[in-house]
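Anchor point for the sequence shown: position 88 equals 98 in my numbering, and the numbering is continuous, going up by one each time.
One structure below.
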Amino acid sequence: MCHSLKEVTKFQSYYARENWRDIVRTMIADGAELKDPQIPVLVDYLTQTFPKNFPDGEGKNILETACSECHAAGAVRRFDGYYTRDNWQDLVRTMIANGASLTDDQATVLVDYLTAVFPAPKPVTAKSP
Ligand code: HEC
């Protein structure tokens, strides 16, 4: 209604779930008409349709080597916007128990990477919409 969809697609590859959530919240504040139950559906759709690229770095290398033996490294996307650092830590520990071979240092680098790339949910406050 207010601008072309190019304004949406230009964020392709850059936005994690939390960024899409923020955008949708801002647009609602700007007057976009969405019903409450439509919000998570739209945020999910945007997150899945325009997934964030894995930024280059040591974390990506580990993900592509130690984590892609048994399943796609992209499996981590599923928890984008839901996992805190502790949750990522638990996941990586579980995968090591499953047979992933990582040193302790690599595990820490990977946990930091996942925490930074896929930000944790923001705490709910009385001011949240
Ligand atoms: C030796 C095989 C193996 C390796 C290597 C491995 N995983 Fe897994 N992964 C599994 C198995 C088996 C499951 C499903 C059962 C479970 O959840 O434990 C799984 C499930 C997952 C899931 C959940 C997928 C879903 O849809 O619920 C994620 C996320 C994940 N792994 C991430 C990782 C990460 C990150 C690494 C690297 C540190 C890794 N995995 C390395 C075997 C492996």
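Backbone N, C-alpha and C define an ideal beta-carbon position, used for all residues, glycine too.
Which two residues bound the contiguous alpha helix (DSSP H) that contains Met105?
95-108
What is the residue span of the alpha helix (DSSP H) that Asn29 lies within?
27-39
Spatial neighbours of Val26 in its chain, beta-carbon cut-off 8 Å, leaving aside the 5 residues before and after
Sequence check: residue 26 is Ala here, not Val. Around Ala26: Thr57, Lys62, Asp90, Gly91, Val127, Phe128, Pro129.
In terms of residue numbering, what span does the alpha helix (DSSP H) encompassing Gln48 cover?
48-59
State the beta-bridge partners of Ser23 as determined by DSSP.
Paired residue(s): Lys62.
Should Glu17 be listed as close to ligand 1, given that the test is whether its C-beta is under 7 Å from any heavy atom?
no
Return helix, strand or coil for Ala42, following the three-state DSSP convention.
coil
Boundaries of the alpha helix (DSSP H) in which Ala126 is found, first to last residue
114-127
By the three-class DSSP mapping on this structure, what secondary structure does Leu73 have?
helix
What does a CB cutoff of less than 6 Å around Trp98 pick up in its chain, not counting 5 residues either side in sequence?
Val121, Leu124, Thr125
Ligand 1 and Glu94: does any heavy atom of the ligand fall closer than 7 Å to the residue's C-beta?
For the sequence presented, residue 94 should be read as Thr rather than Glu. No; taking the cut-off as 7 Å, the Cβ of Thr94 has no heavy atom of ligand 1 nearer than that.
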